[in-house]
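Anchor point for the sequence shown: position 22 equals 22 in full-length UniProt numbering, and the numbering is continuous, going up by one each time.
For each residue, glycine too, the CB sits at the ideal point set by N, CA and C.
Quick caveat: nothing in here was measured; it's all calculated off a predicted structure.
Worksheet: the structure to be examined is printed underneath.
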Amino acid sequence: MRGGSNLLMTPDEAAAELGVTKRVLMDSYRRWGIPFLKVGKHVRFRTRDLHNWVEGRMQRD
């Protein structure tokens with residue numbers, strides 16, 4: 001899914017999108033290599049980056 005939305009998701013929204021808990025996401029997003037942005041002190045995930053990351057993981061498996 002190239003292109004896509006520039007909308008920013010909160011960790012709660014991103015976790016729901018991935019089907020994991022917020023705690024799992026926040027403990028693992030760096031190790032998993034999920035692209036993220038810092039907005040002030042808050043972590044946000046761009047919708048298209050998250051979808052592209054998932055797509056890339058599916059192609060490797």
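Per DSSP, the bridge partner or partners of lysine 38 = What you label residue 38 is simply residue 38 of the sequence shown in a count that begins at 1. BP columns for lysine 38 point to Val43.
Report the option in Pro35, Arg44, Val43 whose CA atom is closest to the CA atom of valine 54.
-> Start at 1 with the first residue of the sequence shown, and residue 54 comes out as number 54. Selection Pro35, Arg44, Val43 evaluated against valine 54 yields Pro35 as nearest (Cα-Cα).
Those residues which DSSP pairs with methionine 26 across a bridge | Reading the sequence shown from its first residue, position 26 is the one you call residue 26. DSSP output for methionine 26 lists no bridge partner at all.
Report the rounded CA-to-CA distance for alanine 15 versus leucine 25, giving the unit in angstroms.
-> Position 15 of the sequence shown, counted from the first residue, corresponds to residue 15. Position 25 of the sequence shown, counted from the first residue, corresponds to residue 25. Rounded to the nearest whole angstrom, the CA to CA distance from alanine 15 to leucine 25 is 6 Å.
DSSP state of leucine 18, grouped into three classes?
-> By 1-based counting over the sequence shown, the position of residue 18 is 18. Looking at leucine 18 - three-state DSSP - the assignment turns out to be helix.
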